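Peer 1: Our numbering numbers the first residue of the sequence shown as -3 and each following residue consecutively.
Virtual Cβ for every residue (Gly too), placed ideally from N, Cα, C.
Treat the numbers as computed from the prediction; the structure is a model and nothing was measured.
Would you mind keeping the following structure in view while I ask a few things?
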Amino acid sequence: MPDHITRAGRRLAYHATPGRGPGVVFLGGFKSDMQGTKAVALEEWARTEGRAFLRLDYSGHGESEGAFEEGTIGDWTADALAVIDAATTGPQVLLGSSMGGWIALLIARDRPELVAGLVTIAAAPDFTEDGFWAGFDADQRAALARDGRVALPSDYGEPYVITRRLIEEGRDRLVLRAPLSLPVPTRFLQGTADADVSVETALRLLDHAEGPDMRLTLVDGADHRFSTDDLLRLIERSVAEVIERATA
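Put into structure tokens, the structure is as follows:
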């Protein structure tokens, strides 16, 4: 059973594995949850390493309360920060997948004292603007203005309902339009066959961010799920390298 904290009237679920620091915090993607393959596999790896590990569900995701359609990037970042503040001690290595990569970058920018290192998997910074909004046709933009929402087909199940609030609030959270300092060891992982986040996005992030120890690894043929055994081992090695360099 998960543990819980309450933020903004909603119970947020999380699993915290005790261990030595710096701990690792897994931040999941848009409409995903902490029971996903990567989150669970990395938790098991951390346990065998004796490393503290935290996985969590944002509001409207998984076992946390709230309606998904009411959430925004800012809400989910605040959820993550509330759980990190409650369940961890000292700087953490943030491990962000897809939207979780954007959230990790926001935390690194706004709460740098919490961050010992950063690993992202198919990071999707600014996707509400550069993905959804940029991809909407005139009819979809009109529907968003008129109805406050538009439904998009998804390869992962039921359609995504994208709200006007998600788009508009996301504009206050963009990280690729202003300086982004990442002074900690940082590893970006990206598949070349990712249909949701392009290699161009990964290259743009690498070019835009500033830091003394940033590397981008492109994996030929890897898709957005990034969850085969080989790719999980790559994530583990990347986290271990970041920890080693952060504690050197």
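Of all the options Ile103, Asp192, Arg137, Gly153, which has the alpha carbon lying nearest to the alpha carbon of proline 179?
Peer 2: Proline 179 has its Cα closest to that of Ile103, out of Ile103, Asp192, Arg137, Gly153.
Peer 1: Contact between the segment 52 to 60 and the segment 131 to 148: three or more CB pairs below 8 Å?
Peer 2: Short answer: they don't touch.
Peer 1: From Asp216, Gly217, Arg221, Met210, pick the residue whose C-alpha is nearest to that of serine 234; which is it?
Peer 2: Comparing Cα-Cα distances from serine 234 to each of Asp216, Gly217, Arg221, Met210, the minimum goes to Met210.
Peer 1: In terms of residue numbering, what span does the beta strand (DSSP E) encompassing threonine 68 cover?
Peer 2: Unbroken run through threonine 68: none, as it is neither H nor E.
Peer 1: Per DSSP, which residues does aspartate -1 bridge with? Please list them.
Peer 2: Per DSSP, Tyr10.
Peer 1: Apart from the five residues on each side of it in sequence, which residues of its chain come closer than 8 Å, Cβ to Cβ, to leucine 214?
Peer 2: Around leucine 214: Gln186, Gly187, Thr188, Val195, Ala198.
Peer 1: Figure out for me which residue from Ile1, Trp129, Asp203, Thr85 has the closest Cα to the Cα of phenylalanine 49.
Peer 2: Checked all of Ile1, Trp129, Asp203, Thr85; the closest Cα to phenylalanine 49 is Thr85.
Peer 1: Under 8 Å by Cβ, that's how I've got valine 193 and histidine 220 pegged, so tell me the actual separation to the nearest angstrom.
Peer 2: The Cβ separation is near 6 Å, so the contact holds.
Peer 1: Going by DSSP, name the residue or residues bridged to isoleucine 158.
Peer 2: Beta-bridge pairing links isoleucine 158 to Val146.
Peer 1: For the beta strand (DSSP E) that threonine 116 lies in, which residues bound it at each end?
Peer 2: Per DSSP, threonine 116 belongs to the beta strand (DSSP E) from 111 to 117.
Peer 1: Is the segment 37 to 44 in contact with the segment 57 to 66, if contact means three or more CB pairs nearer than 8 Å?
Peer 2: At 8 Å Cβ cutoff, the stretches do not touch.
Peer 1: Suppose only complete runs of 3+ residues qualify. What are the beta strand (DSSP E) ranges in the segment 209 to 240, listed by chain order?
Peer 2: Taking only runs of at least 3 residues, the beta strand (DSSP E) segments lying wholly in the segment 209 to 240 are 210 to 215.
Peer 1: In its own chain, which residues sit with a C-beta less than 7 Å from the C-beta of arginine 16, not counting the 5 before and 5 after it?
Peer 2: Same-chain partners within the cutoff: Gly46, Arg47, Ala48.
Peer 1: Please report the residue range of the beta strand (DSSP E) in which alanine 205 lies.
Peer 2: Careful: alanine 205 lies outside any beta strand (DSSP E) and carries neither H nor E.
Peer 1: Go to alanine 104, then tell me how far its alpha helix (DSSP H) extends in each direction, as first and last residue.
Peer 2: Per DSSP, alanine 104 belongs to the alpha helix (DSSP H) from 95 to 106.
Peer 1: For the segment 79 to 96 against the segment 105 to 114, are there 3 or more C-beta pairs whose distance is under 8 Å?
Peer 2: Taking 8 Å as the limit for Cβ pairs, the verdict is that the segment 105 to 114 does touch the segment 79 to 96.
Peer 1: What number of angstroms, rounded off, separates the C-alpha of proline 181 from the C-alpha of threonine 124?
Peer 2: Between proline 181 and threonine 124, the C-alpha separation is close to 27 Å.
Peer 1: Return helix, strand or coil for leucine 185, following the three-state DSSP convention.
Peer 2: DSSP places leucine 185 in strand when its eight states are reduced to three.
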